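With UniProt numbering, the residue at position 32 of the sequence shown is 32, and numbering never jumps. Heads up, the beta-carbon is just placed ideally off N, CA and C, and yes, glycines get one too. Note that this is a predicted model, so its numbers are computed, not measured. Working notes for the structure below.
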Amino acid sequence: MEAIGSDSSVLAVNEDMSGDNAVTNGSVDAKDSTGSQEMAKRMKTSILDSQTTPSSESSLEFSKDSFDRFGDDLCRLLLSYLPFEEHFRRECLSKQFQRCLHISIKVLTITDTLFAKMSAKCGSFGTHILTDILKKCPNIQTIDCDHISDISNESDVRQLLEAIDGLSDDYCRRLTRIDFCFAFIDDLVINWIQKFAPKLLNLGVRHKNLQYLEECHHLRHLSVKGSLTDVFTPDNRLMA
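In structure tokens, the structure reads:
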């Protein structure tokens, strides 16, 4: 018996080698030419099917050029290195990015860039902006406002304080930490601190009037913008 065909398809001839259907030089000599043509046609069709139809194993594999081959853990790790405003620009990369994008965000860092973009887009940085962000990113537990460079701009600071103060109780309960730096003191600031003092872990101060620090029993980090003598007594006690 001798076999002819290709890598994907093999044709075996079981008849007597001395018969009419003997195999010679890799081809089939048959009196019935119609039958031979039909057989060749079937072979060609089989070869084409095997080349164009993926196997059940390969069909389960993602394309080597697709981000979908990455797992959720890797996507979350990659997203953790991006600033908040860059997250939403990556939604189109893959299904994993779309799924992991919002649940991976645990800290909302409000920078000058983010504040300016949101204010320009919506007219002001109000509670509705924070509510939309917290609704879309359900795992946010920290709001970091300590990266705004122009904290002396009372208008911007007031907008932030009022935006956080206007959050519903459900969102406020979810927050476990708020970082802020105050360059001025007034009734708005004092009332805000009294409400959110248990969540204030990182605080920056510039003002000499520090009575509001008496409310902040959970502070872990106090940043003093200025002289330490404005905050601490000569025996290193807090001037509050």
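Opening and closing residue of the beta strand (DSSP E) in which residue i lies
i           : result
residue 155 : No beta strand (DSSP E) contains residue 155, which is instead part of the alpha helix (DSSP H) from 154 to 165.
residue 202 : 200 to 205
residue 110 : Taken as a continuous stretch (DSSP letters only), residue 110 belongs to no beta strand (DSSP E), as it is neither H nor E.
residue 99  : Segment 95 to 103 is the alpha helix (DSSP H) holding residue 99; no beta strand (DSSP E) there.
residue 179 : 177 to 182
residue 222 : 221 to 224
Under 7 angstroms between C-beta atoms of residue i and residue j
i           : j           : result
residue 123 : residue 163 : no
residue 178 : residue 200 : yes
residue 140 : residue 167 : no
residue 197 : residue 214 : no
residue 203 : residue 219 : yes
residue 102 : residue 135 : no
residue 182 : residue 189 : yes
residue 118 : residue 129 : yes
residue 222 : residue 192 : no
residue 76  : residue 100 : yes
residue 97  : residue 90  : yes
Nearest neighbour of residue i, chosen from the options [CA to CA]
i           : options               : result
residue 94  : 105, 74 and 83        : 74
residue 175 : 214, 211 and 133      : 133
residue 138 : 86, 173, 158 and 224  : 173
residue 143 : 153, 154, 155 and 165 : 165
Coarse secondary structure for residue i, derived from DSSP in three states
i           : result
residue 29  : In this prediction, residue 29 scores a pLDDT of 44, lower than 50, which makes its location untrustworthy; no coordinate-derived value is stated.
residue 130 : helix
residue 125 : coil
residue 231 : coil
residue 143 : strand
residue 238 : strand
residue 213 : helix
residue 278 : For the chain, the structure presents residues 1 to 240; residue 278 sits outside this window and is missing.
residue 82  : coil
residue 218 : coil
Any non-hydrogen atom of the ligand GTP closer than 6 angstroms to residue i Cβ
i          : result
residue 88 : What this structure holds is no ligand at all, so the ligand GTP is not there to describe.
Segment limits, alpha helix (DSSP H) that includes residue i
i           : result
residue 77  : 72 to 79
residue 190 : 187 to 196
query: So does the region 99 to 112 actually touch the region 140 to 149, counting three or more Cβ pairs closer than 8 angstroms?
result: Yes, the region 99 to 112 touches the region 140 to 149.
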